[in-house]
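Working notes, structure below.
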Amino acid sequence: MVRTVLLVDDEADIRTIARISLSRVGGWETLSAENGEQALATASASLPDLILLDVMMPGMDGPTVLARLRADPRTAHIPVIFLTAKVQRGDVGHYVSLGALGAIAKPFDPMRLPLDVKRLLERA
Amino acid sequence: MTPAEAPPPPARDLDRYRDIVENMESGLHVYHLEDPDDDRTLRFIGGNPAAERITGAPLSAFIGRTLDENFPALREAGIPQAYAEVARTGRPWRTDQLLYGDDRVVTAAYAVRVFPLPDRCVGVVFEDATERVRAQDDLRRSEARQRALLDALPDTLYVVRRDGSLLDVRRRGEGPASLAAAIAPLLAPPLDAGEERVVERTDAGVDFEVRVLRTAAGEHLAIVRDISERKRAERRKDEFISIVSHELRTPLTSIHGALGLIDGGVLGEAPPGVADLVQVARTNTDRLVRLINDMLDLDKMEAGRLELVLVPLDADALADAAIAAMSGAAESAGVRLRRVTERGGTVLGDRDRLLQVFTNLLSNAVRFSPPHAAVTITVRAEGDRVRFAVSDQGPGVPPDRTDLLFHKFAQVGDAVGRRKGGTGLGLAICKAIVVQHDGTIALVPTARGATFALDLPAVGAPMPAVDLLGDLRAAYTAALPLQVEALIALLDATDPAARNEARTLAHRLHGTAGTYGLPRVSDAAAWIERVLDGTAPRTELDDAVAALRAAVLEA
Numbered sequence: 001m002v003r004t005v006l007l008v009d010d011e012a013d014i015r016t017i018a019r020i021s022l023s024r025v026g027g028w029e030t031l032s033a034e035n036g037e038q039a040l041a042t043a044s045a046s047l048p049d050l051i052l053l054d055v056m057m058p059g060m061d062g063p064t065v066l067a068r069l070r071a072d073p074r075t076a077h078i079p080v081i082f083l084t085a086k087v088q089r090g091d092v093g094h095y096v097s098l099g100a101l102g103a104i105a106k107p108f109d110p111m112r113l114p115l116d117v118k119r120l121l122e123r124a
Numbered sequence: 125m126t127p128a129e130a131p132p133p134p135a136r137d138l139d140r141y142r143d144i145v146e147n148m149e150s151g152l153h154v155y156h157l158e159d160p161d162d163d164r165t166l167r168f169i170g171g172n173p174a175a176e177r178i179t180g181a182p183l184s185a186f187i188g189r190t191l192d193e194n195f196p197a198l199r200e201a202g203i204p205q206a207y208a209e210v211a212r213t214g215r216p217w218r219t220d221q222l223l224y225g226d227d228r229v230v231t232a233a234y235a236v237r238v239f240p241l242p243d244r245c246v247g248v249v250f251e252d253a254t255e256r257v258r259a260q261d262d263l264r265r266s267e268a269r270q271r272a273l274l275d276a277l278p279d280t281l282y283v284v285r286r287d288g289s290l291l292d293v294r295r296r297g298e299g300p301a302s303l304a305a306a307i308a309p310l311l312a313p314p315l316d317a318g319e320e321r322v323v324e325r326t327d328a329g330v331d332f333e334v335r336v337l338r339t340a341a342g343e344h345l346a347i348v349r350d351i352s353e354r355k356r357a358e359r360r361k362d363e364f365i366s367i368v369s370h371e372l373r374t375p376l377t378s379i380h381g382a383l384g385l386i387d388g389g390v391l392g393e394a395p396p397g398v399a400d401l402v403q404v405a406r407t408n409t410d411r412l413v414r415l416i417n418d419m420l421d422l423d424k425m426e427a428g429r430l431e432l433v434l435v436p437l438d439a440d441a442l443a444d445a446a447i448a449a450m451s452g453a454a455e456s457a458g459v460r461l462r463r464v465t466e467r468g469g470t471v472l473g474d475r476d477r478l479l480q481v482f483t484n485l486l487s488n489a490v491r492f493s494p495p496h497a498a499v500t501i502t503v504r505a506e507g508d509r510v511r512f513a514v515s516d517q518g519p520g521v522p523p524d525r526t527d528l529l530f531h532k533f534a535q536v537g538d539a540v541g542r543r544k545g546g547t548g549l550g551l552a553i554c555k556a557i558v559v560q561h562d563g564t565i566a567l568v569p570t571a572r573g574a575t576f577a578l579d580l581p582a583v584g585a586p587m588p589a590v591d592l593l594g595d596l597r598a599a600y601t602a603a604l605p606l607q608v609e610a611l612i613a614l615l616d617a618t619d620p621a622a623r624n625e626a627r628t629l630a631h632r633l634h635g636t637a638g639t640y641g642l643p644r645v646s647d648a649a650a651w652i653e654r655v656l657d658g659t660a661p662r663t664e665l666d667d668a669v670a671a672l673r674a675a676v677l678e679a
């Protein structure tokens, strides 16, 4: 059962919209981080039930963050969904092979985002 | 021969051959070298009527005058000197004498043979060679022109044989180091006349395009062009597009998302006026997002980077999936979507991309349909293709817009199209996808509304019937003239072995031509056979041969 979602994106506006969407539409507690380091620190400190992770970020990118999460026994089990502007055929397969549940394309519809997240969680 | 006063001995000698000299086609002038050490003393002593015709001047105009007085221009070309040499040494000489007009164009030319006569005389036999020399001159000029054109090209050109060996090279800059390796694969299988093959190679950081064409039998022209600059521009464009897509999409994602949340009532009900304005803003950001996605899609397709996953797809199921995807939009527009199957089939295609094509066509159809109208997808398998016809009952496409329909940003009635929310890229994308499927898409003329026909390759279509007999017959007919010529050659021979062979050949022709459905050839061969057997008169042989030739020509 998901109660807390950690949202990682370098764009403050996207964080705001996703946060409102996840909390108001999805009914989840939200935490947010604006880069890879913050994400790793928040994840190991708060142990969220799910992480929505931007792929392209300055500094540490999404796949690197995922690898670090998996390498840490405290965060290794937390499901991760990528948020990305580039979802192409083959990309999703690639992300899943990295250990993610799947990917959601940006721009996302905030009214649907929680629904898409739930679908990916149910499929897992 | 018109004699000069007190003719020297050679003129008298020539008198003996008067008939020949008077009637020959070539012009003849005879000169006498008076002083063996002075080539200015070549004096004209006679000529023939042909010379008058060719030079257009009577012999009397030249008589008694020296060669330099008659033709002053010749000295510059060394002609009098050469004549004197013939008179002194007795060795004949030949040359082309050319007269030039303005711009070094040949106005007249003579093929000249100079031969020695007794007593230091020379006979000059000449023919008008103006046409031949002019033709050669034209050819030279045309070759020079072509060479100049070729020199102006920035490409390296190679003329190569089928086996890749070089016949000729014209080099521009550095070509790829391993040229043979670049060209050889382009030469197999053999090229048809006019066929062109292109390959791109990168050698030591330089991009080359190698284009091979077949020119003459066994000869190919390989054009090697440095395309580094073009490649750099393409890479810059790709980078630009990727940056633009990211930079434009990121803020749009925020705007789009924020409006979506307000419009979705997440933050409570908005006052009526505000809700309307939010709706306007939302519709327009939707369009911007679509436009950017379309631009990126189209760019990918035009660059040939669209990878298709081709699988067999049931035509009906594909049409139904497209209808299901569009049902929401159709419902809100009050338009009914339906499928009619005249003959079902299976196509080979990429499901997602084909659905993109269908939703594009359906969305256009719905947008332009009046309320309560129907939009129909008709499925009909025809031979090795399956046709999907998407028809609506809208206003149709104005005739003056049909040409541009599949171009980028070419909308039907621009204002209408934009008001209807299209991006102007939909049909261009459809076409790019369909073309990559080896299919076609076109607007079909209809009395009412618009109908787009989408033809896609079918799976499991029957192979075209092989016309084996037709192929054999064509091969037989092609070889027929050779057989007939062989037969006729044998008929002319006198030895009994050859005549026997001719009889065998005629007999065989009689039989095979019948088999391959050429009765007239067969009949004519039988006739020759009868003549050779003696059952028909010998005198009929010529008629029989003529009949055979005519029958072969007809075949």
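Protein chains in written order, with my numbering: chain A, 1 to 124; chain B, 125 to 679. Even glycine gets a Cβ: it sits at the ideal position worked out from N, Cα and C.
Nearest residue (CA-CA) to residue i, options the options
{"i": "A/Leu83", "options": "A/Met56, A/Glu29, A/Gly99 and A/Leu47", "result": "A/Met56"}
{"i": "B/Ala668", "options": "B/Asp647, B/Thr659 and B/Glu678", "result": "B/Asp647"}
{"i": "A/Gly59", "options": "A/Asn35, A/Ala41, A/Asp49 and A/Thr30", "result": "A/Asn35"}
{"i": "B/Asp474", "options": "B/Asp619, B/Pro581, B/Pro643 and B/Asp162", "result": "B/Pro581"}
{"i": "B/Ala577", "options": "B/His561, B/Thr409, B/Thr502 and B/Val238", "result": "B/Thr502"}
{"i": "B/Leu422", "options": "B/Leu442, B/Val390 and B/Val481", "result": "B/Val481"}
{"i": "B/Asp350", "options": "B/Ala340, B/Gly342, B/Glu333 and B/Arg477", "result": "B/Glu333"}
{"i": "B/Ala240", "options": "B/His153, B/Asp262, B/Ala197 and B/Asp279", "result": "Looking at the sequence shown, residue 240 of chain B is not Ala but Pro. Closest by alpha carbon: B/His153."}
{"i": "B/Arg525", "options": "B/Leu274, B/Phe512, B/Val559 and B/Ala574", "result": "B/Ala574"}
{"i": "B/Arg411", "options": "B/Leu376, B/Val390 and B/Val398", "result": "B/Leu376"}
{"i": "A/Asn23", "options": "A/Leu120, A/Leu113 and A/Ala124", "result": "Sequence check: residue 23 of chain A is Ser here, not Asn. The option with the nearest alpha carbon to A/Ser23 is A/Leu113."}
{"i": "B/Gly469", "options": "B/Asn488, B/Ala498, B/Ser487 and B/Phe512", "result": "B/Phe512"}
{"i": "B/Pro620", "options": "B/Ile652, B/Leu656 and B/Leu442", "result": "B/Leu656"}
{"i": "B/Leu611", "options": "B/Ala328, B/Leu629 and B/His561", "result": "B/Leu629"}
Cβ neighbour criterion (16 or more within 10 Å) applied to residue i
{"i": "B/Glu358", "result": "exposed"}
{"i": "B/Phe364", "result": "exposed"}
{"i": "B/Lys555", "result": "buried"}
{"i": "B/Ala589", "result": "At B/Ala589, the pLDDT of 46 sits below 50, so the modelled position is not reliable; the number obtained from the coordinates is stated separately. That one is exposed."}
{"i": "A/Arg15", "result": "buried"}
{"i": "B/Gly151", "result": "buried"}
{"i": "B/Asp579", "result": "buried"}
{"i": "A/Glu122", "result": "exposed"}
{"i": "B/Asn484", "result": "buried"}
{"i": "A/Lys118", "result": "exposed"}
{"i": "B/Arg542", "result": "With a pLDDT of 46 at B/Arg542, under the threshold of 50, the predicted position of this residue should be treated as unreliable, though the coordinate-derived value follows. Per the 10 Å Cβ criterion, exposed."}
{"i": "B/Val499", "result": "buried"}
Residues bridged to residue i (per DSSP)
{"i": "B/Ser515", "result": "B/Thr500 and B/Thr575"}
{"i": "B/Arg325", "result": "B/Phe332"}
{"i": "B/Val471", "result": "B/Leu437 and B/Ala582"}
{"i": "B/Leu567", "result": "B/Phe576"}
{"i": "B/Ala505", "result": "B/Val510"}
{"i": "B/Leu461", "result": "B/Val499"}
{"i": "B/Glu609", "result": "None, per the DSSP bridge assignment."}
{"i": "B/Glu320", "result": "B/Leu337"}
Neighbouring residues, chain B, relative to residue i (Cβ below 8 Å)
{"i": "A/Ser21", "result": "Gly381, Leu385 and Val390"}
{"i": "A/Met60", "result": "Under the 8 Å cutoff, chain B gives no residues; its nearest Cβ is about 18 Å from A/Met60."}
Chain A residues whose Cβ lies nearer than 8 Å to that of residue i
{"i": "B/Arg373", "result": "Ala85, Lys106 and Pro107"}
{"i": "B/His370", "result": "Met56 and Ala85"}
Neighbour list for residue i in chain B, Cβ cutoff strictly below 9 Å
{"i": "A/Val25", "result": "Leu385, Gly388 and Val390"}
Listed by chain order, chain A residues near residue i by CB distance under 9 Å
{"i": "B/Thr377", "result": "Glu11, Asp13, Ile14, Ile17, Ala85, Lys106, Pro107 and Phe108"}
{"i": "B/Val413", "result": "Pro107"}
Partners in chain B for residue i, counting only beta-carbon separations shorter than 7 Å
{"i": "A/Met1", "result": "Correct list: empty, because the minimum Cβ distance to chain B is about 23 Å."}
> Which parts of the stretch 188-264 of chain B are runs of the alpha helix (DSSP H), unbroken and 4 residues or longer, counting only runs that do not cross its ends?
Replying inline: 191-194 and 203-213
> Going along the chain, which unbroken runs of the alpha helix (DSSP H) with 4 or more residues stay wholly within the stretch 4-33 of chain A?
Replying inline: 12-20
> Taking the runs of the beta strand (DSSP E) that are 3 residues or longer, which of them lie wholly in the stretch 138-186 of chain B?
Replying inline: 151-157 and 166-171
> Along the chain, which unbroken stretches of the alpha helix (DSSP H) at least 4 residues long are found entirely within the stretch 70-123 of chain A?
Replying inline: 91-98 and 113-123
> Along the chain, which unbroken stretches of the alpha helix (DSSP H) at least 4 residues long are found entirely within the stretch 337-423 of chain B?
Replying inline: 352-387
>> Please give me, in chain order, every unbroken run of the beta strand (DSSP E) with length at least 3 that falls completely inside the stretch 31-66 of chain A.
In response: 50-54
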